[in-house]
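Single-structure report; data block below.
6 protein chains.
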Amino acid sequence: MFPGAAAARADAAYALVGAPLDASTSFEPGARFGPDRVRRYAEAFDDYDHRTDRHFSELSVYDHGDIGPTADTEEYLTYLRGTCGDLREEGAVPLLVGGEHTVTVAGVRAADPDVFVCLDAHLDLRESYAGDPLSHATVTRHALDVADRAVVLGARTGSEAEWERASEADVTVVDPADVADWEPDFDADESAYLSVDIDGFDPAYAPGTGTKEPFGIEPREGRRVVREVAPHAAGFDVVEVNDRDDGQAAVLAAKLLRAFVYSHAADR
Amino acid sequence: MFPGAAAARADAAYALVGAPLDASTSFEPGARFGPDRVRRYAEAFDDYDHRTDRHFSELSVYDHGDIGPTADTEEYLTYLRGTCGDLREEGAVPLLVGGEHTVTVAGVRAADPDVFVCLDAHLDLRESYAGDPLSHATVTRHALDVADRAVVLGARTGSEAEWERASEADVTVVDPADVADWEPDFDADESAYLSVDIDGFDPAYAPGTGTKEPFGIEPREGRRVVREVAPHAAGFDVVEVNDRDDGQAAVLAAKLLRAFVYSHAADR
Amino acid sequence: MFPGAAAARADAAYALVGAPLDASTSFEPGARFGPDRVRRYAEAFDDYDHRTDRHFSELSVYDHGDIGPTADTEEYLTYLRGTCGDLREEGAVPLLVGGEHTVTVAGVRAADPDVFVCLDAHLDLRESYAGDPLSHATVTRHALDVADRAVVLGARTGSEAEWERASEADVTVVDPADVADWEPDFDADESAYLSVDIDGFDPAYAPGTGTKEPFGIEPREGRRVVREVAPHAAGFDVVEVNDRDDGQAAVLAAKLLRAFVYSHAADR
Amino acid sequence: MFPGAAAARADAAYALVGAPLDASTSFEPGARFGPDRVRRYAEAFDDYDHRTDRHFSELSVYDHGDIGPTADTEEYLTYLRGTCGDLREEGAVPLLVGGEHTVTVAGVRAADPDVFVCLDAHLDLRESYAGDPLSHATVTRHALDVADRAVVLGARTGSEAEWERASEADVTVVDPADVADWEPDFDADESAYLSVDIDGFDPAYAPGTGTKEPFGIEPREGRRVVREVAPHAAGFDVVEVNDRDDGQAAVLAAKLLRAFVYSHAADR
Amino acid sequence: MFPGAAAARADAAYALVGAPLDASTSFEPGARFGPDRVRRYAEAFDDYDHRTDRHFSELSVYDHGDIGPTADTEEYLTYLRGTCGDLREEGAVPLLVGGEHTVTVAGVRAADPDVFVCLDAHLDLRESYAGDPLSHATVTRHALDVADRAVVLGARTGSEAEWERASEADVTVVDPADVADWEPDFDADESAYLSVDIDGFDPAYAPGTGTKEPFGIEPREGRRVVREVAPHAAGFDVVEVNDRDDGQAAVLAAKLLRAFVYSHAADR
Amino acid sequence: MFPGAAAARADAAYALVGAPLDASTSFEPGARFGPDRVRRYAEAFDDYDHRTDRHFSELSVYDHGDIGPTADTEEYLTYLRGTCGDLREEGAVPLLVGGEHTVTVAGVRAADPDVFVCLDAHLDLRESYAGDPLSHATVTRHALDVADRAVVLGARTGSEAEWERASEADVTVVDPADVADWEPDFDADESAYLSVDIDGFDPAYAPGTGTKEPFGIEPREGRRVVREVAPHAAGFDVVEVNDRDDGQAAVLAAKLLRAFVYSHAADR
Ligand SMILES: [Mn+2]
Ligand SMILES: [Mn+2]
Ligand SMILES: [Mn+2]
Ligand SMILES: [Mn+2]
Ligand SMILES: [Mn+2]
Ligand SMILES: [Mn+2]
Ligand SMILES: [Mn+2]
Ligand SMILES: [Mn+2]
Ligand SMILES: [Mn+2]
Ligand SMILES: [Mn+2]
Ligand SMILES: [Mn+2]
Ligand SMILES: [Mn+2]
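Line by line, the protein sequences give chains A, B, C, D, E and F.
According to this note's numbering, the first sequence is numbered sequentially starting from -9.
According to this note's numbering, the second sequence is numbered sequentially starting from -9.
According to this note's numbering, the third sequence is numbered sequentially starting from -9.
According to this note's numbering, the fourth sequence is numbered sequentially starting from -9.
According to this note's numbering, the fifth sequence is numbered sequentially starting from -9.
According to this note's numbering, the sixth sequence is numbered sequentially starting from -9.
And the structure:
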């Protein structure tokens, strides 16, 4: 159980779902241990948040446990989307903890947002990767099947085709150097979905991820994004944390998940 | 290149093929780094083998490099089998270096042996695993589609259904404690295929593998098996080495691959 | 939850209790992560045991979770003993997973055995260690406050005073080289308690422990002891596993815990 | 011996004392290896400091070695305080190297400062933690028994009660984002004590610490604090470095200890 | 092969040469694994660079493989310089991947630049180190035998004698804090050589290096230097990456090598 | 200081000398950290040895500290030999702790034994290696310049030339499988020197060494050799321990060093 996430499902305002998919990780695998690591490295946190003056354990967070992957990723995503959908109908905001970025597809489909906001080193705008239309490198494209537009913060690499796709009107790419100045411009009635691929951060802060990409954003920049977007968000995930570092990636992911909950709750 | 494997393809008596498949690893992933690790930890070996009085570099070993997996495992195995088949037709004995055990299916199909001999902690006799008919846990069953019988040395665990399948006449299971006394009983005209799943060894000797299973065999026991079976073998593989230890699994795998070549060559 | 330990408390024949005490570890700390590691490395095991023809998940094992240490070790042991006592009264055999060896004191007090059987590199017969009467190095002495005699298998080191104490009639020390030949000599009505300090094994098999002591026993030797003692045992623990290796200690501990349950159950 | 700390006790202007206490570490233990690691990672440093134009080895630093913990922390702190007091009377500024933050209590009691300045992610203002009145989480409160006021730089988390205590007049909390602008405001006759809990820094710079807390300060910010406070300081410590990273925490701690000595010496 | 460096030698515009020298590393060895690590961690990179609108694989980069060290470093450097010289004559810009910094001596001698530009924590201006005139700590001095002047960016430590040497007219030292503002002032006809000692970066970004020195530069600062200097450069190297981290140093080094190639090529 | 080695030089019966040479390590470096690791992992040992009924701290062992290498290995060996010689003249048996095997050359030259006994995976009978006549791979040959004969226990690999040299009358090679049965056959007046290259043991027991070679001996076999040879020995060393494992190699090395002292002392 994520520390402090002791609410019963029936009472949940937030529902954490571990999604340890680790099928299409291109380079260093281990994202399957992400949910475990994120829960574990949250153990040393204080329950209380000074900024919002709230206790995490009083914010009705329910830990649904993990939903283990099956051999067929499409099937898995369908099941995961179903769970997220059920949780939303029961009144809880889903908080997915990956696992590879692909699990976001389930979260987005369940949340059906207007805007997809993503922290990521990669554009993830491929149509397929290594022959796989459900690879982690296709997430933003899948998200755009659901959302009207996407904002990719911290992106610094992609194929030529991805950058071309990114130049279209429905995609906004914010260079890592500009993330500090980015302000959301959501309409009052726009709903968002926030996805944090931990590789959006510089590898110094999150070495435990499958495809490290230098020159990334800093933790406080990412936290500000989370705080700004959370009040608009119908769903959240943090993904691509693996067990190949000394805890840096997991502890950052755990903090950002909590930042999302505190900020979302403070706004209600 | 595996140290000493400098023969040209045209001159190859043995052809090493890296097969970094890492798709169905159930627990700790990283088998994709197996070929790399095995080549690297062979760097400190002497070229000369005192027992057979031969130099590895003079045994016409060709390193074909790695064949990278695609998203569809069946396709990948077909391609890999094709390559192994080509190499065999050109006169080379294929030496697969995994990757997960599943790659053995390609090697066995290409070699078409009478007997499938396997060092493994696991029976690998499932029909499918986690919904996947091409999981590492199904290898021996796939091998039995090709070979007349299977000998699984060092096996110490399996599902109830696997043990039932193992009790049939075409499967011989040799308990780890009995491996030291096992003698091959091949007919003169029987061809064999030898597959070494590194988890057949006790985790002390090969901690870097996806599903550690204590109470395994010792390196000298495994080496004796390799030496005895090699002269009969039409193909060889060593699989399930990952990068999650301090080199023990890789250095053992590299030695066994060399032991196979020395013994096979000495017998020709 | 330990894989397969899904029984409800009310139905429990065995009750696993995590006891992550890590207060008096003399050298390399981390025993607090033992319960976590042991549960995690059991994930890749087959549910079925061929030798006893049983499924672990059908043996009514309940996972009580962890009981977190408090600053005062005596208090903690009292609480832990209370829980173990309650579980025993409810009909379950307690299976403690340490944590440092000190937690055994609680298990033994709750089980009140006639004989204390221990696998350990150390005699653990001190009266106190570094000024601490509840150090891991005093466990056997505390056990002898409860049990009539102690058998320490695999012990190979101790202070002069400990060896003197060990020479008394109520202590039997079995050198690592003699463990393979040891046979229990319990009277029909004698009850035992079995404690496995993972450092009884050679560091090759269990490097992740606080005070590695070379020249230890082998896993199959230890497994035989577990199998022989289990039918007589009123309680069991496995302790001193930490997170400072590549999983070898945890996977061995998990196997031994399962061996205890299978053998105990097979005998009922 | 810390490299360059070759002065005899009788000649010491600074006295390094290793204090490997590791009793109340809440999450990842290993602070006991801090003194060892800090000394070791200082080996590659140049003796000469360009900014102050001094050689470390000429600044009369004496390495007293480690004072090993006993089971009773209060006793240990009393002994440690005694040693620090003796060293101060002999004319040396004590430089404690932890071990957990609790050892600061001894250093502060010996130095008896007017102001307690601390770099720390945590407020450490608890009255007790997990039932322990001498936990690392109580350090600032203990310091306030001695000093008139406390300045906690980089603090970003605490319990609600700690934040309430922090709002009183004798505590100044400087948010990580404001540390770069902080200026000491010591009166001419005020003496200070400087304590560096390495977790005040972002985990990217010091992953090897017991309770990583993201969003911390940067090394140059911390170094400026050390340089500014050193001339006023009657004692110094650097704590909470463990062995669970690749040397980042230790090398930073070693540099800050040297920065303290250079700046303190330059001011004399 | 470095990913994308598939050009034939005859067609090479750039020639990567691995130089795994690891003889004089003062503290933590392992630089010999640098070329391997750098190639491996480049595997996850996109081929396409958005800023320069180029594909790395189309820039005619040839991977020459590694040139293994011999016992006599002077001989080795002579041989390495010969290879670099040959490659230059054939029209390729040499890209050395260390190995310890000493290999730069070969690169500089072959390129014969007017200005030696170096990112480094250390001045490397010693005449010898530990009795060795070809130590990594003497690189800049050797470079000044060839070049008219040296610019050392990010330098923050050295012996007193090195700082004195650095104060002469032909050496410019740029403090880490000033690297962001540094602008090259090359004459139109001046040729440069760019050497990146990865320890110029803060250890957070490159922990896997032999002598970590805190308070270093940030990756984007270093990347800007690479981009600015590349168009003027006749040779490039990146050195001092070892295998003692979780990939941070190697992935940064690989990125900088690619940044050099993209910027150099864009300028042609 | 090695735990318990608190004797003053003047009183020394044994003198431990750290020799962190790490110049010619062919594969994985780090032997320079051997002395440190060996001392550290001895910390958890009991002072008392039950077999010989002695306390280590009462056996007059003096820890001379480390003698740091210089750039010129020949010079270094000369100096090291001088120190060992001095210690011998003062009545102490030198106990070298490597560092690479090359340091043995100094120990043997100082001890001037009749028989050189060595535990090693490698013959170390080369005349030079990679152009280096003072490589670790030449140790036995150098020893034979001093001793009349050499016994290499556990050797399992070498070049063809080395095996030829090994077939001469003054070299006895004992296969790992035969080490358990080997008995020394020293004449009454023959003096021996015992050198333990930790890679003689199977990598399971000592993964932290530069060139792992599977199929090695077991710890108790090595311990018996140490116990048998010690009474005849004028010098001892244990070498090739590095920091690339979880302590297994160091703890075994430390035990063997102590076994040597206990057995040597018991015989006096
Ligand atoms: Mn992504
Ligand atoms: Mn990404
Ligand atoms: Mn298998
Ligand atoms: Mn297997
Ligand atoms: Mn014990
Ligand atoms: Mn023990
Ligand atoms: Mn603190
Ligand atoms: Mn803190
Ligand atoms: Mn340098
Ligand atoms: Mn440098
Ligand atoms: Mn040797
Ligand atoms: Mn050797």
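Glycine included, every Cβ here is placed at the ideal spot set by N, Cα and C.
Considering Cα atoms alone, identify which of the options is closest to residue i.
i: T60/A; options: D102/A, P(-7)/A, D122/A and Y69/A; result: Y69/A
i: Y119/D; options: A34/A, F17/A and R116/A; result: A34/A
i: F(-6)/D; options: A240/D, V51/D and L11/D; result: Checking the displayed sequence, the identity of residue -6/D turns out to be Gly instead of Phe. For the residues A240/D, V51/D and L11/D, the minimum Cα distance to G(-6)/D belongs to V51/D.
i: G206/B; options: F176/B, A(-3)/B, F106/B and L143/B; result: L143/B
i: R139/A; options: V161/A, Y195/A, R22/A and A196/A; result: V161/A
i: A256/C; options: V241/C, H40/C, T94/C and E80/C; result: H40/C
i: V179/E; options: A151/E, A224/E, E211/E and W172/E; result: Note that residue 179/E is Asp in the sequence shown, not Val. Nearest of A151/E, A224/E, E211/E and W172/E to D179/E, Cα basis: A224/E.
i: D135/C; options: A151/C, G148/C and R116/C; result: R116/C
Assuming contact is defined by CB atoms lying nearer than 9 Å, are residue i and residue j in contact in what I supplied?
i: D76/A; j: S181/A; result: no
i: D53/E; j: F46/E; result: no
i: V164/B; j: A145/B; result: yes
i: A100/B; j: R131/B; result: no
i: E90/C; j: A13/C; result: yes
i: D192/D; j: Y195/A; result: yes
i: G198/C; j: A239/C; result: yes
i: G97/F; j: D56/F; result: no
i: V83/E; j: H254/E; result: yes
i: E18/C; j: G88/D; result: no
i: W172/B; j: V215/B; result: yes
i: G58/E; j: H126/E; result: no
i: V241/B; j: E48/F; result: no
i: T92/F; j: T73/F; result: no
i: L67/A; j: L124/A; result: yes
Query raised in the report: Per the contact definition of three or more C-beta pairs closer than 8 Å, is the stretch 230 to 242 of chain D in contact with the stretch -5 to 12 of chain E?
Result: no
Query raised in the report: Mind listing, in chain order, the residues whose beta carbon lies closer than 5 Å to a non-hydrogen atom of ligand 2?
Result: D110/A, A111/A, H112/A, D187/A and D189/A
Query raised in the report: Would you call the stretch 181 to 190 of chain B and the stretch 217 to 230 of chain B in contact, with 3 or more CB pairs under 8 Å?
Result: The stretch 181 to 190 of chain B vs the stretch 217 to 230 of chain B: in contact.
**Report entry** Complete beta strand (DSSP E) runs within the stretch 89 to 135 of chain B (minimum length 3 residues, chain order)
**Finding:** 105 to 109
Query - Touch test, the stretch 23 to 33 of chain D against the stretch 95 to 114 of chain D, Cβ-Cβ under 8 Å, three pairs minimum - result: no
Query raised in the report: What alpha helix (DSSP H) runs, 4 residues minimum, are completely inside the stretch 190 to 234 of chain F?
Result: 209 to 219
Requested in this report: Would you list, in sequence order, the uninterrupted beta strand (DSSP E) runs of no fewer than 3 residues that lie entirely inside the stretch 163 to 194 of chain F?
Outcome: 182 to 187
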